[in-house]
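Same order as they appear, the protein sequences are chains B and U. Residue numbering for the first sequence follows my numbering, beginning at 2 and increasing consecutively. Residue numbering for the second sequence follows my numbering, beginning at 2 and increasing consecutively. We put the CB at the ideal spot given by N, CA and C, even for glycine.
There are 2 protein chains.
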Amino acid sequence: MNATITTIETFDIRFPTSRELDGSDAMNPNPDYSAAYVVLRTDAGDGLEGHGFTFTIGRGNDIQVAAIQALREHVVGRSVDELCADPGSLNRDLIGDSQLRWLGPEKGVMHMAIGAVINAVWDLAGRRAGKPVWKLLVDADPAWLAGQVDYRYIADALTYDEAVALLRKGRQGAAEREGLLRKSGYPGYTTSPGWLGYSDGKLTRLAKQAVADGFTQIKLKVGADLADDIRRMRAARTAVGPDIRIAIDANQRWNVPEAIEWTRALAEFAPYWIEEPTSPDDILGHASVRRAVAPVKVATGEHVQNRIVFKQLLQAGAIDVLQLDSARVGGVNENLAVLLLAAKYQVPVCPHAGGVGLCELVQHLSMFDFVALSGTTQDRVIEYVDHLHEHFRAPVVMQNGHYTAPAAPGFSAEMHPETIAAYTFPHGTFWAADRERSTAA
Amino acid sequence: MNATITTIETFDIRFPTSRELDGSDAMNPNPDYSAAYVVLRTDAGDGLEGHGFTFTIGRGNDIQVAAIQALREHVVGRSVDELCADPGSLNRDLIGDSQLRWLGPEKGVMHMAIGAVINAVWDLAGRRAGKPVWKLLVDADPAWLAGQVDYRYIADALTYDEAVALLRKGRQGAAEREGLLRKSGYPGYTTSPGWLGYSDGKLTRLAKQAVADGFTQIKLKVGADLADDIRRMRAARTAVGPDIRIAIDANQRWNVPEAIEWTRALAEFAPYWIEEPTSPDDILGHASVRRAVAPVKVATGEHVQNRIVFKQLLQAGAIDVLQLDSARVGGVNENLAVLLLAAKYQVPVCPHAGGVGLCELVQHLSMFDFVALSGTTQDRVIEYVDHLHEHFRAPVVMQNGHYTAPAAPGFSAEMHPETIAAYTFPHGTFWAADRERSTAA
Numbered sequence: 002m003n004a005t006i007t008t009i010e011t012f013d014i015r016f017p018t019s020r021e022l023d024g025s026d027a028m029n030p031n032p033d034y035s036a037a038y039v040v041l042r043t044d045a046g047d048g049l050e051g052h053g054f055t056f057t058i059g060r061g062n063d064i065q066v067a068a069i070q071a072l073r074e075h076v077v078g079r080s081v082d083e084l085c086a087d088p089g090s091l092n093r094d095l096i097g098d099s100q101l102r103w104l105g106p107e108k109g110v111m112h113m114a115i116g117a118v119i120n121a122v123w124d125l126a127g128r129r130a131g132k133p134v135w136k137l138l139v140d141a142d143p144a145w146l147a148g149q150v151d152y153r154y155i156a157d158a159l160t161y162d163e164a165v166a167l168l169r170k171g172r173q174g175a176a177e178r179e180g181l182l183r184k185s186g187y188p189g190y191t192t193s194p195g196w197l198g199y200s201d202g203k204l205t206r207l208a209k210q211a212v213a214d215g216f217t218q219i220k221l222k223v224g225a226d227l228a229d230d231i232r233r234m235r236a237a238r239t240a241v242g243p244d245i246r247i248a249i250d251a252n253q254r255w256n257v258p259e260a261i262e263w264t265r266a267l268a269e270f271a272p273y274w275i276e277e278p279t280s281p282d283d284i285l286g287h288a289s290v291r292r293a294v295a296p297v298k299v300a301t302g303e304h305v306q307n308r309i310v311f312k313q314l315l316q317a318g319a320i321d322v323l324q325l326d327s328a329r330v331g332g333v334n335e336n337l338a339v340l341l342l343a344a345k346y347q348v349p350v351c352p353h354a355g356g357v358g359l360c361e362l363v364q365h366l367s368m369f370d371f372v373a374l375s376g377t378t379q380d381r382v383i384e385y386v387d388h389l390h391e392h393f394r395a396p397v398v399m400q401n402g403h404y405t406a407p408a409a410p411g412f413s414a415e416m417h418p419e420t421i422a423a424y425t426f427p428h429g430t431f432w433a434a435d436r437e438r439s440t441a442a
Numbered sequence: 002m003n004a005t006i007t008t009i010e011t012f013d014i015r016f017p018t019s020r021e022l023d024g025s026d027a028m029n030p031n032p033d034y035s036a037a038y039v040v041l042r043t044d045a046g047d048g049l050e051g052h053g054f055t056f057t058i059g060r061g062n063d064i065q066v067a068a069i070q071a072l073r074e075h076v077v078g079r080s081v082d083e084l085c086a087d088p089g090s091l092n093r094d095l096i097g098d099s100q101l102r103w104l105g106p107e108k109g110v111m112h113m114a115i116g117a118v119i120n121a122v123w124d125l126a127g128r129r130a131g132k133p134v135w136k137l138l139v140d141a142d143p144a145w146l147a148g149q150v151d152y153r154y155i156a157d158a159l160t161y162d163e164a165v166a167l168l169r170k171g172r173q174g175a176a177e178r179e180g181l182l183r184k185s186g187y188p189g190y191t192t193s194p195g196w197l198g199y200s201d202g203k204l205t206r207l208a209k210q211a212v213a214d215g216f217t218q219i220k221l222k223v224g225a226d227l228a229d230d231i232r233r234m235r236a237a238r239t240a241v242g243p244d245i246r247i248a249i250d251a252n253q254r255w256n257v258p259e260a261i262e263w264t265r266a267l268a269e270f271a272p273y274w275i276e277e278p279t280s281p282d283d284i285l286g287h288a289s290v291r292r293a294v295a296p297v298k299v300a301t302g303e304h305v306q307n308r309i310v311f312k313q314l315l316q317a318g319a320i321d322v323l324q325l326d327s328a329r330v331g332g333v334n335e336n337l338a339v340l341l342l343a344a345k346y347q348v349p350v351c352p353h354a355g356g357v358g359l360c361e362l363v364q365h366l367s368m369f370d371f372v373a374l375s376g377t378t379q380d381r382v383i384e385y386v387d388h389l390h391e392h393f394r395a396p397v398v399m400q401n402g403h404y405t406a407p408a409a410p411g412f413s414a415e416m417h418p419e420t421i422a423a424y425t426f427p428h429g430t431f432w433a434a435d436r437e438r439s440t441a442a
């Protein structure tokens with residue numbers, strides 16, 4: 002009855018994606034998609050574990066793992082019942098560790114480590130409740146759910162009382178929307194055609210395939226060379242026709258004046274949004290870009306470090322589209338804050354996904370938002386990239402360009418044991434064999 | 002002639018400062034002042050090394066050390082001549098490592114690691130030139146120095162050409178100011194009386210001592226309890242009289258509305274500035290606080306993550322006083338950007354210092370700014386805290402409340418070998434004996 006967390010096991014899991022130029026963009030030419038992966042084990046005797054991770058692109062994944070281990074003393078020995086009844090209590094302890102806080106605060110390596118652990122706790126909580134995390138959130142009492150948010154530094158934009166009111170309002174019609182979700186899923190868009198390293202032929206083929214698969218929006222990476230971007234954008238527009246939305250993504254490549262100039266140069270192809278036109282830290286810069294490039298929308302968020310920066314992006318009217326990431330900020334609790342802020346400011350959330358496992362995680366947040374918070378999928382889509390899903394026990398299921406509502410309890414975060422055994426760096430079987438191959442060559 | 006960097010040695014150095022309540026504040030009740038310390042060695046045969054560090058407050062210093070080691074491949078094997086002739090080339094490579102960049106970008110653990118390494122390079126460059134770093138900067142060609150700055154993400158506020166013009170203008174009268182600096186030093190202020198853990202008696206005694214020592218400004222930590230702060234602020238004002246400036250520092254304790262209310266409640270004691278009233282990420286929040294609490298000034302910077310946030314604090318008119326830190330951002334190169342931005346916006350820089358070794362480092366930046374950039378010490382003071390200086394080979398020398406200009410070549414960053422041997426965690430002699438003592442007790 003008094004089960005506790007007994008261990009927090011970590012794995013440095015890396016996939017050699019750079020070899021195929023999958024995931025290449027103007028700032029990230031050779032990512033090796035990686036996960037700093039956490040398993041929480043308990044002595045409850047029910048066999049249930051909590052799995053979570055944060056996403057990196059290769060080097061430094063070991064630092065991320067070390068940062069997760071630095072949180073161990075806050076986690077191990079904690080009552081499982083109390084933890085699952087109030088993940089926010091752990092969130093407060095992790096964010097509040099004053100010595101570790103110095104390394105952020107609430108940003109970068111330490112904050113992503115907190116996100117991995119908090120996500121693992123929600124996975125465990127979902128499994129113990131026998132519900133997928135989206136459903137756990139949908140069924141939660143609004144007062145309790147609002148209490149999961151840390152209002153420090155956002156109270157000038159969102160209070161607990163406002164959060165409760167937004168969540169109560171969100172429940173009106175929730176049962177009907179849950180039915181719709183289970184029937185039709187949640188709309189996605191695909192980035193798979195548009196990686197910078199792909200040829201025009203591959204881009205055209207994959208763009209047509211995306212439309213055939215039911216997607217109504219695709220995305221192209223831009224920002225390395227303007228002439229290339231004009232040619233690729235023309236090819237993409239020709240391939241998909243006028244009615245499919247084409248987002249473009251500069252991955253932080255530009256200064257503000259350059260972002261404005263470049264986006265305007267691509268305007269003839271009617272891009273739907275320009276994503277990450279400049280530094281994710283530049284709130285005022287995004288506001289300037291937005292004023293200058295309308296009606297092209299401005300989107301950012303995958304590298305936004307925490308709720309405090311999201312708050313300001315909304316206060317400053319700097320973005321049309323908020324792209325939260327499931328594993329960049331402090332996990333589910335902070336993402337609840339971000340969803341509530343977006344709902345209050347009525348800005349649509351179109352989450353960042355892809356990488357490894359980000360689609361699996363983030364679908365839960367958008368589905369909760371649709372059923373029990375914003376209540377709509379209007380102008381809302383979750384990014385979809387068709388990489389590495391085969392490594393998960395309960396991978397996302399796409400149907401007609403939509404994410405199908407997960408049925409399995411938990412956060413869809415668990416990888417196959419075979420994957421962990423093969424891709425743990427540097428001693429997993431894949432990496433060991435890889436070193437032998439290069440030695441032999 | 003073709004000397005290269007042969008090793009990058011790192012040390013996890015921690016001091017047990019929490020046992021004395023030195024350094025206690027509203028957010029950091031028990032800091033163990035620590036340094037993630039770097040030594041660059043070469044095969045030049047001249048015995049010269051580069052020493053640098055970033056500052057933390059205890060737990061997580063090992064993660065910081067691991068992050069520095071992750072940069073090793075960019076450093077080891079590099080030509081010493083080329084590196085010292087252009088530290089900016091390394092800065093670009095470190096910030097531009099796309100896989101490591103994902104863990105920031107340019108913030109938190111990875112960025113502080115870059116700061117430690119870049120600071121060590123400037124230490125080495127100073128030693129090879131036979132000059133303290135402030136003098137190396139003062140003597141540098143403006144075009145070269147402006148080329149040390151990364152303008153990505155700040156070009157909307159500062160261009161290379163503007164930087165060159167500011168530096169050229171800064172050289173007018175530089176020789177005369179250098180004479181003044183060598184004669185009278187650079188003004189400091191002291192935080193030593195005002196730690197939150199100190200009794201009113203100790204506060205009063207130390208405040209009076211500070212005035213007797215020639216300081217014209219002291220600082221009090223606030224933010225834990227308003228009644229306490231009113232009592233302590235009254236004691237301090239009584240102790241120092243009306244003509245000494247008393248800054249107050251909340252160390253990020255408040256939400257925006259609370260910051261305004263609390264500062265107004267202390268206004269009767271004429272605080273000079275309120276420091277870190279809220280999150281260092283909250284640019285718009287600081288602007289709101291500043292509008293509401295004038296004529297009390299608003300100061301922040303010790304936790305500002307990079308030049309991009311400083312740029313916005315200046316663009317938004319959010320601060321009266323800019324408190325750069327020598328080891329939080331990416332080292333000397335990024336701090337040149339911050340000093341240039343402050344000069345352009347005509348906001349005085351009053352650096353954060355204290356901790357371990359931050360006084361030693363940052364004096365060089367302020368002295369350069371006085372002699373060859375802003376050209377003034379009007380309303381400018383460097384924080385001074387009288388802790389842990391005895392661990393440095395060339396500690397700061399205070400005279401009549403002023404920092405004396407360092408004469409030794411380099412960045413004043415080098416600790417005594419005995420200090421490193423004793424305080425390296427967890428196996429240094431101090432920590433080993435400490436464990437024995439607690440086992441015996």
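- Residue environment for Lys203/B: exposed (fewer than 16 other C-beta atoms within 10 angstroms of its C-beta).
- Residue burial annotation: Trp145/U is exposed, with fewer than 16 other C-beta atoms found within 10 angstroms of its C-beta.
- Going by beta carbons, Ile245/B and Val223/B fall outside the 8 Å limit.
- Nearest CB-CB separation between Gly109/B and chain U: below the 8 Å threshold.
- At least one CB of chain U lies nearer than 8 Å to the CB of Ser99/B.
- Between Val350/B and Leu182/B, the gap from beta carbon to beta carbon reaches 8 Å or more.
- Uninterrupted alpha helix (DSSP H) stretches at least 4 residues long and entirely within the region 176 to 216 of chain U occur at 201 to 213, given in chain order.
- Ala300/U: member of the beta strand (DSSP E) spanning Lys298 to Thr301, first to last residue.
- CA-to-CA, the gap between Phe426/B and Gly127/B works out to about 29 Å.
- DSSP, read as helix, strand or coil, puts Pro133/U in strand.
- According to DSSP, residue pairing for Ile219/U in a beta bridge involves Thr191/U and Ile247/U.
- For His403/B, the number of other beta carbons within 10 angstroms of its own is at least 16, and it is reported as buried.
- Among the residues facing chain B, Ile9/U is not included, as its CB has no counterpart in that chain under 8 Å away.
- At a cut-off of 8 Å between beta-carbon atoms, Gln364/U makes no contact with chain B.
- Residue burial annotation: Tyr161/U is exposed, with fewer than 16 other C-beta atoms found within 10 angstroms of its C-beta.
- Counting C-beta pairs closer than 8 Å gives fewer than three between the region 257 to 264 of chain B and the region 124 to 139 of chain U, which falls short of the contact rule.
- Non-local C-beta neighbours of Asn62/B in its own chain, meaning closer than 8 Å and more than five positions away in sequence, comprise Asp13, Ile14, Arg15, Ser35, Ala36, Ala37 and Phe426, ordered along the chain.
- By the neighbour-count criterion, in which a residue is buried when 16 or more other Cβ atoms sit within 10 angstroms of its Cβ, Pro418/B is exposed.
- Per the coordinates, the alpha-carbon of Ile69/U lies some 9 Å from the alpha-carbon of Val110/U.
- Using a Cβ-Cβ cut-off of 8 Å, Gly46/B does not count as an interface residue toward chain U, since no Cβ of chain U sits closer than that to its own.
- Per DSSP, reduced to three states, the secondary structure at Arg128/U is helical.
- Using a CB distance below 7 Å, the part of the region 273 to 286 of chain U facing chain B consists of Thr279, Ser280, Asp282, Asp283, Ile284, Leu285 and Gly286, ordered along the chain.
- The Cβ neighbour count for Glu415/B, taken over all protein chains shown within 10 Å, is at least 16; the residue is labelled buried.
- Straight-line measurement puts the Cα of Ser327/B at about 13 Å from the Cα of Thr57/B.
- If you check the CB distance, Val150/B and Ala164/B come in under 8 Å.
- For the 8 Å CB-CB criterion, Ala354/B and Pro133/B do not form a contact.
- Listed along the chain, the chain U residues whose CB falls inside 7 Å of the CB of Pro30/B are Ser99.
- Rounded to whole angstroms, the separation of the alpha carbons of Arg206/U and Phe393/U is 27 Å.
- Residues of the region 102 to 126 of chain U that bring their beta carbon within less than 8 Å of a beta carbon in chain B comprise Arg102, Trp103, Leu104, Gly105, Pro106, Glu107, Lys108, Gly109, Val110, Met111, His112 and Met113, in sequence order.
- Those residues of the region 145 to 158 of chain U placed with their C-beta closer than 7 Å to a C-beta in chain B are Arg153, Tyr154, Ala156 and Asp157, ordered along the chain.
- Legend: CB atoms of the region 42 to 66 of chain B lying less than 8 Å from CB atoms of chain U belong to residues Thr57, Ile58, Gly59, Arg60, Gly61, Asp63, Ile64 and Gln65.
- Counted as a single uninterrupted DSSP element, the stretch harbouring Phe56/B is not any alpha helix (DSSP H) but the beta strand (DSSP E) occupying residues Gly51 to Thr57.
- With respect to the C-alpha of Tyr199/B, the residue from Leu101/B, Leu221/B, Thr217/B and Ile155/B having the closest C-alpha is Leu221/B.
- The alpha carbon of Glu177/B has as its nearest neighbour, out of Leu227/B, Ala208/B, Val139/B and Leu315/B, the alpha carbon of Val139/B.
- By the CB criterion at 8 Å, Asp157/U and Gly286/B fall inside the cutoff.
- Only those residues of the region 307 to 323 of chain B whose C-beta falls short of 9 Å from the nearest C-beta of chain U are listed: Asn307, Ile309, Val310, Lys312, Gln313, Gln316 and Ala317.
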